[in-house]
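Beneath this line is the structure, given in structure tokens, with notes to follow.
Protein chains in written order, with our numbering: chain A, 1 to 318; chain B, 319 to 636.
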């Protein structure tokens with residue numbers, strides 16, 4: 001018997017995702033451009049924009065944007081399709097993806113993971129040089145905050161500020177960058193399970209959780225719903241990394257679109273090296289149960305997409 | 319006769335600056351820390367914070383924070399001293415300095431300028447490694463937006479959003495990062511004076527101008543005053559770079575606290591290589607006159623600090 005937990009079978013995640021993915025792709029295509037805000041005289045330099053577009057467009061599972069949109073839908077209580085997605089949710093979705101994309105560009109640099117393959121393509125520094133990749137990452141981080149602060153009053157200032165707050169904290173020293181710093185210093189070091197969880201809570205968990213909370217910030221939610229979404233975000237954030245560690249040993253590079261077996265090769269501690277494959281898989285399923293339970297106590301109605309995303313995230317093959 | 323333009327002799331810039339500099343230093347000391355927002359469980363990793371603090375604290379002229387405070391003073395119509403600086407202006411001042419500091423850390427990396435000396439100290443990557451410097455810069459950029467978005471309602475949401483908007487645009491592809499990309503691709507290339515101005519308008523001008531406009535955003539100003547401050551910011555932004563180019567050939571490394579003669583050595587186009595030393599100096603003075611004239615038509619009263627800062631910036635020796 002398959003021990004995997006499955007979500008609400010009645011909800012068609014593929015159909016829901018398809019429209020939203022196309023919409024997000026078009027929005028990124030439009031915004032990651034020479035003059036996204038219509039502001040700067042003369043726009044941005046072409047070579048920098050080319051590197052930024054290469055880093056962002058035409059690849060990636062867009063998990064974070066989908067989480068933003070699914071959480072915004074749950075928070076608003078209305079089912080979105082690609083035609084009625086609110087501008088604020090679309091901006092939040094793209095902003096999170098820009099932060100994710102910048103982190104991959106910098107992660108791949110020779111002084112970090114020194115990786116040449118990402119999503120089946122040459123990494124940004126291989127194609128645009130190290131300095132070009134450094135600047136593209138830097139500019140993508142800034143652009144995320146540009147996207148969240150349009151000056152056309154399409155998004156209320158209170159929400160612009162809330163979204164910037166959530167994203168900045170998740171990206172910074174108490175979030176993603178902090179987690180990467182711990183990762184960097186943990187090569188060849190024996191970590192406890194608790195320390196490993198803390199590293200991943202920051203490194204990947206913070207931005208995944210922020211995706212959920214930024215979606216929630218696109219509407220008004222009760223503090224009960226907010227707490228539940230926080231718990232959901234924490235559980236899937238950790239589950240994502242546990243599954244990543246499992247796939248690093250069980251999948252091949254072609255399936256992953258990146259170099260497999262890298263963690264073991266670099267002697268990095270992982271949930272698999274610490275718990276073994278079987279217990280790591282059980283742990284991922286347990287976290288999925290926690291995530292779904294959190295949604296159950298949220299008091300929100302439109303949580304089908306969040307349920308289905310959590311389920312797919314944990315049971316994914318790449 | 320000395321042809322240098324001088325500002326209002328009655329205003330004592332040194333006395334004004336001293337209190338503000340101490341206040342800014344204390345604020346940076348407090349905020350660039352393991353848990354600046356009181357949010358993240360467990361705070362940020364110590365080694366990352368150490369690199370960030372090394373990059374930010376105990377050095378630098380703090381020109382950008384002083385511009386923020388001087389502009390906030392002009393916009394509010396009240397003279398600030400270190401005891402009554404509004405929280406919003408202090409946060410804006412420190413946020414701009416964090417962006418400046420991150421840009422220096424990344425600029426100094428081997429794949430960029432490969433510099434080992436900054437403010438008379440070893441650069442961040444020499445002391446903390448390349449990956450450590452990369453992450454410290456990334457985290458400093460995020461922290462700038464954290465500083466601008468406190469969740470304690472000490473700053474109205476409208477101003478939080480406006481400050482994030484100004485800073486993100488100035489830092490990104492249409493501002494500082496864009497200018498650095500042009501700089502990168504201009505080594506050994508013959509630029510026209512217009513292209514050189516465009517490069518510097520983005521590379522250093524955008525953040526200096528944003529410092530002025532962020533100060534203005536700390537209070538309400540008329541559109542006449544806003545236009546005048548924009549013009550002031552543009553003029554001093556460009557003047558700063560012209561003087562930088564002059565000092566690169568006329569000052570020595572010990573005075574500058576960084577490697578002198580670097581631009582010529584790297585065959586980078588500068589205002590001196592393009593205009594010659596005498597005409598570059600005249601150009602700087604002309605820009606100072608433009609900046610002071612803009613203040614004159616702003617309709618603002620408390621502009622003495624802005625006048626004095628512009629004058630010092632152009633007539634500086636390091």
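All C-beta atoms, glycine included, are put in the ideal place defined by N, C-alpha and C.
Just so we're clear, the structure is a prediction, and the values are computed from it rather than from any experiment.
*My guess is that residue 457 of chain B and residue 177 of chain A are in contact by the Cβ rule of under 8 Å, so how many angstroms apart are they, rounded?*
4 Å
*Taking the alpha-carbon positions, what's the residue 484 of chain B to residue 32 of chain A distance?*
18 Å
*Spatially closest choice to residue 427 of chain B from B/450, B/443, B/477, by CA coordinates*: B/443
*What three-state label does DSSP hand residue 439 of chain B in the structure shown?*
strand
*Determine, using beta carbons only, whether residue 631 of chain B and residue 387 of chain B come nearer to each other than 8 Å.*
no
*Could you spell out where the alpha helix (DSSP H) holding residue 233 of chain A opens and where it closes?*
223-250
*Going by other Cβ atoms of all chains shown within 10 Å of its Cβ, with 16 needed for buried, is residue 561 of chain B buried or exposed?*
buried
_Backbone CA spacing between residue 533 of chain B and residue 14 of chain A [nearest angstrom]_ = 48 Å
*Checking contacts by CB at 8 Å: is residue 399 of chain B closer than that to chain D?*
Among the chains of the structure shown, chain D does not appear; the protein chains present are A and B.
*asked:* Only counting the same chain, and skipping five residues up and downstream in sequence, which positions put a Cβ closer than 8 Å to that of residue 446 of chain B?
replied: 365, 368, 369, 372, 454
*Count the other CB atoms, across all protein chains shown, that sit within 10 Å of the CB of residue 173 of chain A; report buried if there are 16 or more and exposed otherwise.*
buried
*Does DSSP put residue 357 of chain B in a helix, a strand or coil?*
Its pLDDT being 38, under 50, residue 357 of chain B is placed unreliably in this model, and the coordinates cannot settle the point.
_Please list, in chain order, the residues of the stretch 458-478 of chain B that have any C-beta partner in chain A closer than 9 Å._
458, 459, 460, 461, 462, 463, 464, 465, 466, 467, 468, 469, 473, 474, 475, 476, 477, 478
*Give a yes or no on whether 8 Å exceeds the smallest Cβ distance from residue 122 of chain A to chain B.*
no
*chain B within 8 Å of residue 106 of chain A, Cβ atoms only*: yes
*Below-8 Å beta-carbon distance, residue 500 of chain B vs any chain A residue*: yes
*Could you spell out where the alpha helix (DSSP H) holding residue 619 of chain B opens and where it closes?*
Run containing residue 619 of chain B: none; DSSP gives neither H nor E here.
*asked:* Just to confirm, is the Cβ distance from residue 144 of chain A to residue 175 of chain A under 8 Å?
replied: no
*Taking only beta carbons into account, state which residues of the stretch 214-238 of chain A come closer than 9 Å to chain B, listed in chain order.*
none
_As a quick exercise: from A/295, A/90, A/294, A/318, pick the residue whose alpha carbon is nearest that of residue 249 of chain A._
A/318
*Quick one, are the C-beta atoms of residue 298 of chain A and residue 228 of chain A less than 8 Å apart?*
yes
*With a cut-off of 8 Å, do at least 3 Cβ pairs link the stretch 333-340 of chain B to the stretch 399-414 of chain B?*
yes
_chain A contact for residue 620 of chain B (CB, 8 Å cutoff)_ = no
*Leaving out five residues on either side along the sequence, give the residues of the same chain with a beta carbon under 7 Å from the beta carbon of residue 421 of chain B.*
494
*What first and last residue would you give for the alpha helix (DSSP H) that runs through residue 138 of chain A?*
130-147
*Could you name the residues of the same chain whose beta carbon sits closer than 6 Å to that of residue 392 of chain B, not counting the 5 residues immediately before and after it, in chain order?*
618, 620, 621, 624
*Measure the C-alpha to C-alpha separation of residue 626 of chain B and residue 329 of chain B and round it to an integer number of angstroms.*
7 Å
*Give the residues of chain A in contact with residue 605 of chain B, contact being defined as C-beta atoms less than 8 Å apart.*
Within chain A, no residue comes near residue 605 of chain B; the closest Cβ sits about 18 Å away, beyond 8 Å.
*With burial defined as no fewer than 16 other Cβ atoms inside 10 Å of the residue's Cβ, what is the status of residue 311 of chain A: buried or exposed?*
buried
*Cβ of residue 427 of chain B less than 8 Å from any chain A Cβ?*
yes
_Close-in-space but distant-in-sequence residues of the same chain around residue 121 of chain A (CB under 7 Å, 5 per side omitted)_ = 59
*Mapping DSSP to helix, strand and coil, what is residue 507 of chain B?*
coil
*So does the stretch 403-418 of chain B actually touch the stretch 470-485 of chain B, counting three or more Cβ pairs closer than 8 Å?*
yes
*Is it buried or exposed for residue 542 of chain B, if we count other Cβ within 10 angstroms and need 16 for buried?*
exposed
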